[in-house]
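Asker:
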Amino acid sequence: MYGQTKVIVLIVIVLALMLVAIGRNSIMKWAVRTVAKNFMGIELEMDSARLGIMNTDVKLSDVVVMSPKGFEDKQMMKASSIYVNYEFMPLIFKKVHLTDLRLDISEIVVIKDPEGKMNTDAVKKIAKRGVAQEGGKGKPGGHPPAGQGKMKDVPLEIDRVTISLGKVIFKDYSSGGRP
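According to numbering that gives the first Met the number 0, the stretch in the sequence shown is residues 0 to 178, in order.
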């Protein structure tokens, strides 16, 4: 009886590992979209996500970062591929160490709305990772804005960044009418 239980447990473990191995790319695609939305406040779409099995790399294909709500153009950035190689051990200690980050960006659309706000302001907030914004004023000890999560608490180290940029389009609606 004890031997049969061990065999059943082993079969369940093997099946679970097979499901994770087969579905890892779908899981990675979901995870990237969820992290981007919940922790960074950015909506994004992608064609595919590939997570390496024997190595620590992630490749995203045909990524589209959406402009925040209220902007004329819906797409802020298009990247044909994003490649990340990371170290696994720092993740255990809530640190992110990227050894290689490659961005193949085909297009960035920068929009200035009639009130003078830019669609790239959301990215600036992520880059700052500092004092929470409340009512437009920095307030130490405040809560992070919606969509900012606890990303400011996660140390980030990047060894090498390679950026390939196709074109940048700037549209200024602040003077009224069409840009």
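Beta carbons are placed, not taken as given, at the ideal position from N, Cα and C, and that holds for glycine.
1. Which stretch, first to last residue, makes up the beta strand (DSSP E) that contains K109?
2. Quick check: what's the CA-CA separation for A48 versus G175?
3. Entirely within the segment 17 to 74 and at least 3 residues each: give me those beta strand (DSSP E) ranges in chain order.
4. Across which residues does DSSP place G163 in a beta bridge pair?
5. Going by the beta-carbon positions, is the gap between V57 and V83 smaller than 7 angstroms?
6. Examine the ligand ADP and report whether any of its heavy atoms sits within less than 6 angstroms of the Cβ of L100.
7. CB-CB under 6 angstroms to I52, same chain, minus the five flanking residues each way: which ones, in chain order?
8. Rounded to whole angstroms, what's the CA-CA distance from R32 to S25? Just pull it up for me.
9. Which residues does DSSP pair with F169 in a beta bridge?
10. Within its chain, find whatever has a CB closer than 6 angstroms to the CB of S80; leave out the 5 residues flanking it on each side and keep chain order.
11. Kindly list the residues whose CB is nearer than 7 angstroms to the CB of A20, restricted to its own chain and excluding five residues on each side of it in sequence; keep chain order.
12. Of all the options A78, A30, V95, which has the alpha carbon lying nearest to the alpha carbon of S163?
13. Ignore the nearest five residues each way along the sequence and tell me which others in L182's own chain have a CB closer than 7 angstroms to its CB.
14. Mark M76 as exposed unless 16 or more other C-beta atoms lie within 10 angstroms of its C-beta, in which case mark it buried.
15. Find out if the Cβ-Cβ distance for the pair E172, D99 is shorter than 7 angstroms.
16. Apart from the five residues just before and just after I12, which ones in its own chain have a Cβ nearer than 8 angstroms to its Cβ?
17. Is V167 closer than 7 angstroms to I107 when the C-beta atoms are compared?
Answerer: Taking the structure as given:
1. For the record, residue 109 in the displayed sequence is Val; it is not Lys. Segment 95 to 111, the beta strand (DSSP E) holding V109.
2. A direct Cα-to-Cα measurement between A48 and G175 gives close to 40 angstroms.
3. Here the runs fully enclosed are 43 to 50, 56 to 65.
4. Strictly speaking, residue 163 in this sequence is Ser, with Gly absent from that position. Answer by DSSP bridge pairing, in chain order: D103.
5. yes
6. Of ligands this structure carries none, so the ligand ADP is not represented either.
7. Answer for I52: no residue qualifies.
8. 11 angstroms
9. According to DSSP, which records beta bridges pairwise, F169 is partnered with V109.
10. S60, D103
11. I52
12. Of the candidates A78, A30, V95, the residue whose Cα lies closest to the Cα of S163 is A78.
13. In the structure as shown, the chain begins at 0 and stops at 178. Residue 182 is therefore absent and cannot be evaluated.
14. buried
15. According to the sequence displayed, residue 172 carries Tyr and not Glu. Contact flag unset, no.
16. none
17. Contact flag set, yes.
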